[in-house]
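In what follows, a structure is listed as structure tokens, so that the remarks can point back to it.
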Amino acid sequence: MPDEFIQRVFGPDGLIARFHENYEYREGQIEMASKVADAFQERKHLMVEAGTGTGKTLAYLVPAIAAAVGQKKRVIISTGTKNLQEQLMEKDIPFLKKVLPTKFTAAYMKGRSNYACLYRIIKAEDQPVLDGLDQIDHFRKVARWVKETETGDRRELVDLPENLPFWNRINARGEICIGQKCPDFEPCFITRMRNRAEAADIVVVNHHLFFADLNVRGNQFGKVLPDYGAVIFDEAHLIEDIASDYFGFQVSNFQLDELVRDIDGLPIHDPVVTRELTKLAAKVSGLSETFWMRFSQAKFDGRYPLLPDAFVYRNSVGGTEPTALGEAYETLEEALKTLEKEIEGFAADMPEADSLLKRTRQARFDLEFIATQTERNFVYWIERRGKGIYLRASPVDVSELLREKLFDKVETCVLTSATLSSGGSFNFVRERLGLDTAKTNAFTAPSSFDHERQAVLYLPKAMPDPRSNEFTQLAAGEIVKILQVTSGHAFVLCTSNFSMNALYELVSSRVNFPCFVQGSMSKAGILDRFRTTKNAVLFATASFWQGVDVQGDQLSCVIIDKLPFAVPSDPIVAARSRFIDEQGGRSFTDYSIPQAVITLKQGIGRLIRSRTDRGVIAILDPRLRTKPYGRQFLESLPRMRIVSDAEQIKEVLYPQ
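See below:
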């Protein structure tokens, strides 16, 4: 694609400038667009680090549209969040349809559970799935809505609560779908979504759907997405963890509970079969409850290692015997086998039963894979989330899988994010994802912001080691001092819930500014409170380090308690570190430091979101100054003036 086209679109008097009255010519944006265009022409992969303010979505959309239409190859745009996916479909793509002379089509796809199932809604009208008058009223609204909606997307139901208790019983999740045997297959919202995608030049998805498709593409389950010739990953720093999830295995107490409930709901008219099936389902339910109760170590939310001796132990004569958990697993597996055989008897004549048969087999297979732990290159762990207990297994290293399934098969993959490099190098992400150096170019887009003028980095003197007992008390004192200068307007980003709650308690009682703490309400609710409350201070952890945008004076200070190293005892972190060490590497240098650098850059990126923003970044961890690796962190940050006196912060916030 000639550079003249990029200039004609992005130049100071270009097509975008004519349609966008507030358009600002940005060198980084036009350079990025040219690099993406080159990647399509040269059939190469590209990594682009582009910070906030670059205008990266338009920078990759314009050449992607030109390539999709000109080279007649569909381009998938994969985002890290649904919010960005919706921004592309509702704002950026409609804008480009007005601006560009090239005519193109675009569609979006989400996971099946986002869509209503016509067949299940009709069945629900005849079955008691609702509790209370509120649910009955909400269901009536849903039933009216499905007759009017074109998409069936749950997001359209803005007047109903986010967590509809009955949504899981009427959505189009794949486990219960009977496919082309369904009487509502043609008008089905999933069928319509796929038809729109098959006809589109650009298809916008999120990473979860993309890697769900990549995992099943080519096996007996077929594919989810239409065929494509290129992929652009926005928020590409998330790829490794999401891919690892989808290349793995999982079974949960919720999954088995839903299986039993759906078996009880089968429309069987033979009373003998019904009695036998009900008895077997009840047996599975009881044994499942006994099995999950054995995971007493997972009392609190978090991830816990699932060791090989959890299911069997070596006896005194060198043989193996099942533990109490192993015995619970064996009896549950036998009950699932018996249930399978019973369902097999009529599955051929009943699509719903055939779907349940596949689910029962998959649950049994996943349980066996996790319990036996025969794959050494997998990590096995337990995860507790609220009332949910999940047994999980994921590959320790996904680089070979990604190379084989994605990068060697797709001509052009563009990976972009505000944080892809560590210490000026892209090698960490490139190696973690399995990108071939010879076929992959890398580029850092110039920033549109003047951080030396707009921001100051505050590093307090004489802070103790962050692992010491006195660190939290002294950190609270520093936070109070900073907030007095900034009059609130701050995020306090913490590396653990314990630290967050401790600092919130210590600081909120010593300042007169409104203080909020993550967990006291939903993420959207607490962000809205922060944006609309004068001089607010928000204490938060992991989910607020990225994907949060607060522009202007409302946020002029980001305080970070400690360098965001991953918890070494986390099962996934421990397994990846052990794998690197066994390969002859140094896990702390090769994994822990670059991973923490990328996370720190994400947190710092919350501050300067426009050319008029000003503010202070405060990092309370003394290791930036005292440890040799501190230089790698500092060299990875935007160039800013460094101060150690809180009073000097005023010079940036309140310039004369």
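Numbering follows this note's numbering, with no gaps: position 593 of the sequence shown is 729.
Where a beta carbon is used, it is the ideal one built from N, C-alpha and C, also for glycine.
Determine which residues share a DSSP beta bridge with A243 and list them.
As a working note, residue 243 is residue 107 in the sequence shown. In DSSP, A243 forms a bridge with V339.
K246 burial status per 10 Å Cβ neighbour count (16 or more: buried):
Translated into the one-based positions of the sequence shown, residue 246 becomes position 110. Looking at its Cβ environment, which holds 16 or more other Cβ atoms inside 10 Å, K246 is buried.
Which of helix, strand or coil does DSSP assign to W281?
As a first step, residue 281 is located in the sequence shown; it is residue number 145 there, counting from the start. It is helical.
Pair within 8 angstroms by beta-carbon distance, I338 and F482:
Within the sequence shown, the letter at position 202 stands for residue 338. Within the sequence shown, the letter at position 346 stands for residue 482. No, the Cβ-Cβ distance between I338 and F482 is not below 8 angstroms.
Where P230 and L224 are concerned, what is the direct C-alpha to C-alpha distance, given to the nearest angstrom?
Position 94 of the sequence shown, counted from the start, is the residue given in the question as residue 230. Position 88 of the sequence shown, counted from the start, is the residue given in the question as residue 224. Their Cα atoms are separated by approximately 8 angstroms.
Can you check DSSP and say which residues form a bridge with Q386?
The sequence position of residue 386 within the sequence shown is 250, counting from 1. Residue pairing for Q386: DSSP places it in a beta bridge opposite R528.
Locate the beta strand (DSSP E) running through R439, then write down its first and last residues.
In the sequence shown, the residue the question calls residue 439 occupies position 303. Here the beta strand (DSSP E) through R439 covers G438 to P441.
Please name the residue in L503, A529 and R332 whose C-alpha comes closest to that of S380.
On the sequence shown, residue 380 is found 244 positions in, with the first residue counted as 1. When only C-alpha atoms are compared, the closest one is A529.
With DSSP as the reference, label M137 as helix, strand or coil.
Translated into positions along the sequence shown, residue 137 becomes position 1. Confidence is the limiting factor: at M137 the pLDDT is only 45, short of 50, which leaves the residue's position unreliable and the question unanswerable from this model.
Enumerate in chain order the residues of its own chain whose CB-to-CB distance from T548 is below 7 angstroms, with the five nearest sequence positions on each side excluded.
Walking along the sequence shown from the start, residue 548 turns up at place 412. For T548, where only same-chain residues beyond five positions count, the Cβ hits under 7 angstroms are A175, F176, R179, K180, H181 and A366.
Could you tell me the boundaries of the beta strand (DSSP E) in which Y465 lies?
Start at 1 with the first residue of the sequence shown, and residue 465 comes out as number 329. Counting along the chain, Y465 falls outside any beta strand (DSSP E), though it belongs to the alpha helix (DSSP H) covering A460 to A483.
For N299, the three-state DSSP class (helix, strand or coil)
Residue numbering aside, residue 299 sits at position 163 when the sequence shown is read from its first letter. Shown here, N299 sits in coil according to DSSP, grouped into three states, outside any helix or strand.
Along the chain, where does the alpha helix (DSSP H) containing A422 start, and where does it finish?
Position 286 of the sequence shown holds residue 422. Note that residue 422 is Gly in the sequence shown, not Ala. Boundaries of the alpha helix (DSSP H) harbouring G422: P407 to M429, taken from the DSSP string.
Less than 8 angstroms separating the beta-carbons of L503 and E376?
For the purposes of this step, residue 503 is taken as the residue at position 367 of the sequence shown. For the purposes of this step, residue 376 is taken as the residue at position 240 of the sequence shown. Taking C-beta atoms as the reference points, L503 and E376 fail to come closer than 8 angstroms.
Could you tell me how far apart the beta carbons of T552 and A186 are, in whole angstroms, since I believe they sit closer than 8 angstroms?
Here residue 552 corresponds to residue number 416 of the sequence shown, with the count starting at 1. Here residue 186 corresponds to residue number 50 of the sequence shown, with the count starting at 1. Indeed, because the Cβ distance is near 6 angstroms, the residues count as touching under 8 angstroms.
Between T510 and Y516, what straight-line distance do the alpha-carbon atoms span, to the nearest angstrom?
Indexing the sequence shown from 1 puts residue 510 at position 374. Indexing the sequence shown from 1 puts residue 516 at position 380. Each residue's Cα considered, the two are about 11 angstroms apart.
Is it buried or exposed, S679, if we count other Cβ atoms within 10 angstroms and call 16 or more buried?
Within the sequence shown, residue 679 is the residue found at index 543, counting from 1. In summary, S679 is exposed, with fewer than 16 beta-carbon neighbours lying within 10 Å of its beta-carbon over all protein chains present.
Starting from Q735, trace the alpha helix (DSSP H) both ways and give me its first and last residue.
Counting from 1 along the sequence shown, the entry for residue 735 is found at position 599. For clarity, residue 735 is Thr in the given sequence; the question names Gln instead. For T735, the enclosing alpha helix (DSSP H) covers residues I729 to I740.
Given this structure, state the Cα-to-Cα distance separating R403 from D485, to the nearest angstrom.
Here residue 403 refers to the residue found at position 267 of the sequence shown. Here residue 485 refers to the residue found at position 349 of the sequence shown. Note on identity: in this sequence residue 403 is Pro, with Arg being the wrong assignment. About 12 angstroms.
On the three-state DSSP scale, how would you describe N304?
Your numbering for residue 304 matches position 168 in the sequence shown. DSSP, read as helix, strand or coil, puts N304 in helix.
What is the DSSP secondary structure of V788, reduced to helix, strand or coil?
Taking the first residue of the sequence shown as position 1, residue 788 is located at position 652. Helix at V788.
If we call anything under 8 angstroms between Cβ atoms a contact, is I662 one with F652?
Working through the sequence shown from its first residue, we reach residue 662 at position 526. Working through the sequence shown from its first residue, we reach residue 652 at position 516. Yes. Within cutoff.
Check whether L197 and D228 have beta carbons under 8 angstroms apart
By 1-based counting over the sequence shown, the position of residue 197 is 61. By 1-based counting over the sequence shown, the position of residue 228 is 92. Contact flag set, yes.
Three-state secondary structure assigned by DSSP to S656:
Along the sequence shown, one-based indexing puts residue 656 at 520. DSSP, reduced to helix, strand and coil, places S656 outside both helices and strands of the structure shown, so it counts as coil.
Could you tell me which whole alpha helix (DSSP H) segments of length 4 or greater appear in the region 611 to 696?
The qualifying runs are 633 to 644 and 659 to 668.
Around the Cβ of A591, are there at least 16 other Cβ atoms within 10 angstroms (buried) or fewer (exposed)?
The sequence position of residue 591 within the sequence shown is 455, counting from 1. Answer is buried; the Cβ neighbour count reaches 16.
Going by the CB atoms, is the gap between S557 and T93 shorter than 8 angstroms?
No statement about residue 93 is possible, as the shown extent of the chain runs from 137 to 792 and does not include it.
What does a CB cutoff of less than 6 angstroms around R539 pick up in its chain, not counting 5 residues either side in sequence?
Along the sequence shown, one-based indexing puts residue 539 at 403. Closer than 6 angstroms at the Cβ level, and outside the excluded window around R539, lie G570.
Roughly how many angstroms separate the alpha carbons of R603 and T631, rounded to a whole number?
As a working mapping, residue 603 is identified with position 467 in the sequence shown. As a working mapping, residue 631 is identified with position 495 in the sequence shown. Pairing R603 with T631, the inter-Cα distance amounts to about 12 angstroms.
What does M599 pair with, by DSSP beta-bridge criteria?
Taking the first residue of the sequence shown as 1, we reach residue 599 at position 463. DSSP lists no partner for M599.
Does the region 604 to 611 come close enough to the region 741 to 753 that 3 or more CB-CB pairs lie under 8 angstroms?
In short, these stretches do not touch, since the Cβ pair count stays below three.
With a 10 Å radius around its C-beta and 16 neighbouring C-beta atoms as the bar for buried, classify D139 as buried or exposed.
Indexing the sequence shown from 1 puts residue 139 at position 3. Exposed, because fewer than 16 other Cβ atoms sit within 10 Å of the Cβ of D139.
Do you know offhand how far T327's Cα is from V341's?
Taking the sequence shown and counting its residues from 1, the one referred to as residue 327 is at position 191. Taking the sequence shown and counting its residues from 1, the one referred to as residue 341 is at position 205. Their backbone Cα atoms lie some 16 angstroms apart in a straight line.
Would you decide whether K192 is buried or exposed? Buried here means 16 or more other CB atoms lie within 10 Å of its CB.
Here residue 192 corresponds to residue number 56 of the sequence shown, with the count starting at 1. With 16 or more other Cβ atoms within 10 Å, it is buried.
Do three or more CB pairs link the region 306 to 322 to the region 214 to 223 at distances below 8 angstroms?
For the pair of segments examined, the region 306 to 322 was found not to touch the region 214 to 223: the number of CB pairs separated by less than 8 angstroms stays below three.
Whole-angstrom Cβ separation of W681 and G739, contact assumed at under 8 angstroms?
Taking the first residue of the sequence shown as position 1, residue 681 is located at position 545. Taking the first residue of the sequence shown as position 1, residue 739 is located at position 603. Between G739 and W681 the Cβ distance is about 4 angstroms, and since that is below 8 angstroms, they are a contact.
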